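Trainee: In this note's numbering, the protein residues as written are 3 to 257. Where is the CB? At the ideal position from N, CA and C, for every residue including glycine. The structure presented is a predicted model; accordingly, all values stated were derived computationally and were not measured. Sharing a structure below in structure tokens format, with a few things to ask.
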Amino acid sequence: MEISVILMVEMTEMLYLYDHYLKEFDGVIVEILDEKSIVLDRTAIYPRGGGQPSDRGLISYQGNDFGVVESSKDHDRVIHILSRPISDREKSLLIGKQVHGSVDWDLRYKHMRHHTALHILSGIVYQKFGSRITGGQIYADRARLDFTLDDMSKERLNTIELEMNKVVSDNRNVKTFWLGTEEALEKKDLYRLSADLLPKGLEKLRIVDIEGFDAQLDGGTHVARTGEVGTVKISRTENKGKDNKRIEIVLTSGA
Ligand SMILES: [Zn+2]
Numbered sequence: 003m004e005i006s007v008i009l010m011v012e013m014t015e016m017l018y019l020y021d022h023y024l025k026e027f028d029g030v031i032v033e034i035l036d037e038k039s040i041v042l043d044r045t046a047i048y049p050r051g052g053g054q055p056s057d058r059g060l061i062s063y064q065g066n067d068f069g070v071v072e073s074s075k076d077h078d079r080v081i082h083i084l085s086r087p088i089s090d091r092e093k094s095l096l097i098g099k100q101v102h103g104s105v106d107w108d109l110r111y112k113h114m115r116h117h118t119a120l121h122i123l124s125g126i127v128y129q130k131f132g133s134r135i136t137g138g139q140i141y142a143d144r145a146r147l148d149f150t151l152d153d154m155s156k157e158r159l160n161t162i163e164l165e166m167n168k169v170v171s172d173n174r175n176v177k178t179f180w181l182g183t184e185e186a187l188e189k190k191d192l193y194r195l196s197a198d199l200l201p202k203g204l205e206k207l208r209i210v211d212i213e214g215f216d217a218q219l220d221g222g223t224h225v226a227r228t229g230e231v232g233t234v235k236i237s238r239t240e241n242k243g244k245d246n247k248r249i250e251i252v253l254t255s256g257a
């Protein structure tokens, strides 16, 4: 016998997917999961995912501020973890109410610059060596990618660093658009991971396109032009196996 459970799952409109520069927004508290976790009907606070860390931010209701220390995705919802518990009195007051949200922009912008830098890096190693991505992580002060790459000679690294800074100085437009899943997956170059990790059942996929250079499937936030990335330096490398190499980068000057 099949048991069906019907859940009223609220959806969060993910504003950060459509406007990477949105710093403030209004939204309604649709769920209070526990004393420190809430769901809004819309948010610009990025939840951790795809190697990009969670944003931090602030949610305010009539002069009461709640810090957002972490944000995570649960299917179609974005859950915000608050810096202090909501009292029982506040709970009944807050549910269904419109609140004002803001993104810790200093932190987010660092993540954006490093995320776009990683796309430039993966674009170059894919075009030059056919390497795919096996892992990666973005931080506020550095970022790294692991690749299917056999040879990581000094000469290759010099070329990669030089070409990355060329893409930065070209100041190329970075734009996003959506494609139907079937159409997107026909374009083999768009999917850049070495393993098949794409969530199933999505109707459409988002593409981040560094104009005239590289386009990849991606759900993160990016700068509008490559010039905003700043000067790129390869800060560390690691041999993680015969066909697995790590490259870490830092940005030595800002936009
Ligand atoms: Zn990405």
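Quick check: S56 and S73, are their CB atoms within less than 7 Å of each other?
Mentor: yes
Trainee: In the DSSP assignment, what are the bridge partners of M2?
Mentor: Within the shown structure, residues of the chain are numbered from 3 to 257, placing residue 2 beyond reach of any answer.
Trainee: To the nearest whole angstrom, what separates the beta carbons of Y63 and K99, a pair I think is in contact under 8 Å?
Mentor: 6 Å
Trainee: Kindly give me the distance between the Cβ atoms of K242 and D148, rounded to whole angstroms, as I take these residues to be in contact under 8 Å.
Mentor: 6 Å
Trainee: Give me every residue whose Cβ sits closer than 5 Å to any heavy atom of ligand 1, in chain order.
Mentor: D220 and G222
Trainee: Does L253 come out as helix, strand or coil in the three-state DSSP assignment?
Mentor: strand
Trainee: Buried or exposed, going by whether 16 or more other CB atoms sit within 10 Å of the CB of A197?
Mentor: exposed
Trainee: Using CA atoms only, rank isn't needed, just tell me which of G221, L109, K25 and S255 is closest to L19.
Mentor: G221
Trainee: Shortest alpha-carbon distance to Y60 belongs to which of G53, G52, Y48 and Q54?
Mentor: According to the sequence as given, residue 60 is Leu; it is not Tyr. Cα-wise, what sits closest to L60 is Y48.
Trainee: Using beta-carbon positions only, say whether V105 and K25 come within less than 7 Å of one another.
Mentor: Cβ atoms of V105 and K25: closer than 7 Å.
Trainee: Whole angstroms are fine: how far does the CA of E33 sit from the CA of E22?
Mentor: A quick correction: the sequence has His, not Glu, at residue 22. When rounded, the distance between both Cα atoms is 25 Å.
Trainee: What whole-angstrom Cβ distance do S255 and T233 have, given they're in contact under 8 Å?
Mentor: 5 Å
Trainee: Any chance you could list the beta strand (DSSP E) runs of at least 3 consecutive residues sitting entirely within the segment 26-77, in chain order?
Mentor: 26-36, 39-42, 59-63 and 66-76
Trainee: Check each candidate in K247, Q129 and V80 and name the one with the smallest Cα separation from R44.
Mentor: V80
Trainee: Do D28 and H102 have their CB atoms nearer than 7 Å?
Mentor: Here D28 is near H102, since their CB atoms are less than 7 Å apart.
Trainee: With the cut-off set at 7 Å, would you say K112 and A142 are in Cβ contact?
Mentor: yes
Trainee: Quick one: give me the first and last residue of the alpha helix (DSSP H) that A119 is part of.
Mentor: W107 to F131
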